[in-house]
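Undergrad: Numbering (my numbering), first residue to last: 31 to 122. Pasting in a structure now, in structure tokens, and then I'll have a few things to ask.
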Amino acid sequence: MTEEEQFEQDYKAYVATRRAHLAAHITPETIAYLEAEFQTNLPCYQTRNPATGEPVEPNPIMAAIRDGQREVILWLKHELSQYEKQQQKTNQ
């Protein structure tokens, strides 16, 4: 086995272990809590405060933070779905 093949095999094992760990600890309820807490379903620039209805000024820094939080949630969802696909494939 070449060094490159060994690296690829080790990386695949790492990814499988990571996904199994995430699936064991991140539940759909956890994802729902994160989405609600970080309001990742809202547009980046809010024109009104959702709690008070008062106008707010656009804040690009807060928009960037929310985009980052959204990306983490999307990554978690992707990893969990890939783990489920692999489990289904293994169980067939």
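The C-beta atom is built at its ideal place from N, Cα and C for all residues, glycine as well. It should be emphasised that the depicted structure is a prediction, and the values quoted were computed from it without experimental measurement.
Throw me the rounded Cβ distance for the Asn52 and Leu106 pair, which I believe falls under 8 Å.
TA: As a position in the sequence shown, residue 52 is number 22, starting the count at 1. As a position in the sequence shown, residue 106 is number 76, starting the count at 1. A quick correction: the sequence has Leu, not Asn, at residue 52. About 7 Å separates the two Cβ atoms, so the contact holds.
Undergrad: Assign Arg96 to one of two classes, buried (16 or more other C-beta atoms within 10 Å of its C-beta) or exposed (fewer than that).
TA: As a working mapping, residue 96 is identified with position 66 in the sequence shown. Buried, because 16 or more other Cβ atoms sit within 10 Å of the Cβ of Arg96.
Undergrad: Would you kindly work out how many angstroms separate the C-alpha atoms of Glu33 and Glu67, rounded to a whole number?
TA: Position 3 of the sequence shown, counted from the start, is the residue given in the question as residue 33. Position 37 of the sequence shown, counted from the start, is the residue given in the question as residue 67. In a straight line, the C-alpha of Glu33 is about 44 Å away from that of Glu67.
Undergrad: Apart from the five residues just before and just after Glu109, which ones in its own chain have a Cβ nearer than 6 Å to its Cβ?
TA: For this step, residue 109 is matched to residue 79 along the sequence shown. Around Glu109: Arg49 and Leu52.
Undergrad: Which word fits Tyr44, buried or exposed, when buried means at least 16 other C-beta atoms lie within 10 angstroms of its C-beta?
TA: Position 14 of the sequence shown, counting from 1, holds the residue named residue 44. Classification for Tyr44: exposed.
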